[in-house]
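Here the structure is laid out as structure tokens; the discussion comes afterwards.
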Amino acid sequence: MAKILIALFALSLILGQTNADIQCSDVISKVSSCEGYLLGKVAAPSPNCCFGLQDLAKVADDSQPDRQTICQCFKAAMQTFPVDFQKAKQLPQICHFKSTIPIEPNVDCSK
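The structure is reproduced here in structure tokens:
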């Protein structure tokens, strides 16, 4: 897990600053507890994973720049790690939140 967190931190540095209030490092801290589920190591997401995703969904709903930053962070992580997309697509239903960001590897984050 430490390697993944280091890689995600590096991604946050690469993506740099945006006009958003949220930064990639904030996104990483909110979703780090989802790692086991997204990599297929555990059968269900943890409560902390769901709480973090619910928080991010609220932030994404409130601000287009924040939504774009969250999207870019997710997209970079999904392209870097062997994320199980079928599991990722189930998270909104399992964790009871509405996602305004499509869960796709090649999503257009400019929208």
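According to mature numbering (1 follows the signal peptide of the UniProt record, and there is no 0), the stretch in the sequence shown is residues -20 to -1, 1 to 91, in order. Using N, Cα and C, we set each Cβ at its ideal position, and we do this for glycine too. Quantities reported herein were computed from a predicted structural model and do not represent experimental measurements.
With burial defined as no fewer than 16 other Cβ atoms inside 10 Å of the residue's Cβ, what is the status of residue 139: buried or exposed?
There is no way to answer for residue 139, as the model of the chain reaches only from -20 to 91.
In chain order, which alpha helix (DSSP H) runs of at least 4 residues are fully inside the segment 1 to 48?
Whole alpha helix (DSSP H) segments, 4+ residues: 4 to 11, 15 to 18 and 27 to 42.
Once the 5 residues before and after residue 11 are set aside, which same chain residues still bring their CB inside 6 Å of it?
Result list for residue 11: 32, in chain order.
Taking DSSP as the reference, what is the three-state secondary structure of residue -11?
Any reading at residue -11 must be qualified, since the residue scores a pLDDT of 48, below 50, and its modelled position is unreliable; the value itself is stated next. Looking at residue -11 - three-state DSSP - the assignment turns out to be helix.
Please return the same chain residues whose Cβ sits closer than 7 Å to the Cβ of residue 93, not counting the five positions on each side in sequence.
Coverage of the chain is limited to positions -20 through 91, which leaves residue 93 absent and any answer about it impossible.
Express the C-alpha separation of residue 3 and residue 76 in angstroms, rounding to a whole number.
So the two alpha carbons sit approximately 24 Å from each other.
Decide if residue 56 is buried, meaning its Cβ has at least 16 other Cβ atoms within 10 Å, or exposed.
The residue in question, residue 56, is buried, as its Cβ has 16 or more Cβ neighbours within 10 Å.
First and last residue of the alpha helix (DSSP H) that includes residue 72?
Residue 72 -> alpha helix (DSSP H) spans 65 to 75.
Keeping to the same chain, check which residues put their C-beta closer than 6 Å to that of residue 42; ignore five residues upstream and five downstream.
Result list for residue 42: empty, nothing under 6 Å.
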